[in-house]
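Data first, discussion second: the structure below is written as C-alpha cells.
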Amino acid sequence: KVRHPVKISFKRKRARKRFTVSTGAKHRCSECAAIFRWPADLSYHHAFQHSGEQLNVCPETSCGLNFQFPYQLTNHQRATGHHDWQVVCPVCSKRFGSQRFLARHTVASCNRYKLEQKKTDEQ
Ligand SMILES: [Zn+2]
Ligand SMILES: [Zn+2]
Ligand SMILES: [Zn+2]
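Start counting the sequence shown at 1; every next residue gets the next number (full-length UniProt numbering).
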C-alpha cells in the first residue's frame with residue numbers, strides 16, 4: 001500500500017472501493033438527495049449541512065475550521081500542525097490523534113517518518 005501522508009486531498013482514499021452494492025445498505029438524507037453508504041457519513045453530512053452542528057472542529061484556537069468528515073480534519077491537522085495530539089511514538093516521536101492510530105503505525109512508516117524529519121532538519 002502506498003500512502004501519501006503529506007498530500008492534502010479531500011478525496012476519499014480509504015479502502016472502500018471494494019464495497020459492492022450487493023447489500024443495498026444506503027443511507028439517504030431526510031433533508032436532501034444525498035445518499036451515503038455508511039450511517040456515520042450520513043450523520044456527519046446532516047450535522048454539517050443541515051443542523052449546523054460542528055463535529056470536526058480544528059482544536060487550534062486561532063483556526064477553528066469546521067470540517068464535514070473527520071478525515072478532512074485529520075488531513076488539515078497533519079498539513080498545518082493544528083493539533084493537540086498527545087499520543088507520541090517513542091521511536092520517531094510522531095504524534096497521533098489517538099492510541100488507535102499509533103497501533104497502526106508500522107516500523108516502515110516509523111522509519112519513513114524519521115527520514116522525513118531528517119530531511120526537514122537539513123533544509
Ligand atoms: Zn442532506
Ligand atoms: Zn486548523
Ligand atoms: Zn514511529
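Using N, Cα and C, we set each Cβ at its ideal position, and we do this for glycine too.
Small disclaimer: the values here were computed from a predicted structure and weren't measured.
Are the CB atoms of residue j and residue i within a distance shorter than 9 Å?
i	j	result
residue 199	Cys92	What is shown of the chain runs 1 to 123, which leaves residue 199 out entirely.
Arg78	Val88	no
Would you say residue i touches ligand 2, meaning its beta carbon is less than 8 Å from a heavy atom?
i	result
Gly52	no
Leu102	no
Glu31	no
Leu55	no
Glu60	yes
Gln77	yes
Taking buried to mean at least 16 other C-beta atoms within 10 Å of its own C-beta, is residue i buried or exposed?
i	result
Val21	With a pLDDT of 48 at Val21, under the threshold of 50, the modelled position of this residue cannot be trusted, and the question is left open.
His45	buried
Asn111	exposed
Gln54	exposed
His76	buried
Leu73	buried
Using only the heavy atoms of ligand 1, determine whether one of them is closer than 8 Å to the beta carbon of residue i.
i	result
Glu116	no
Ala34	yes
Would you check whether ligand 3 has a heavy atom nearer than 8 Å to the C-beta of residue i?
i	result
Lys94	yes
Val91	yes
Ser98	no
His83	no
Is the Cβ of residue i closer than 9 Å to any Cβ of chain D?
i	result
Trp85	Chain labels in this structure do not include chain D; a single protein chain is all it has.
Determine the closest residue to residue i out of the options, with distance taken between C-alpha atoms.
i	options	result
Ala47	Gln68, Trp38 and Gly64	Gln68
Glu31	Asn56, His50, Gln99 and Lys119	His50
Cβ contact (3+ pairs, closer than 8 Å) linking the segment 53–62 and the segment 77–84: Three or more Cβ pairs closer than 8 Å define a contact, and the segment 53–62 meets that threshold against the segment 77–84.
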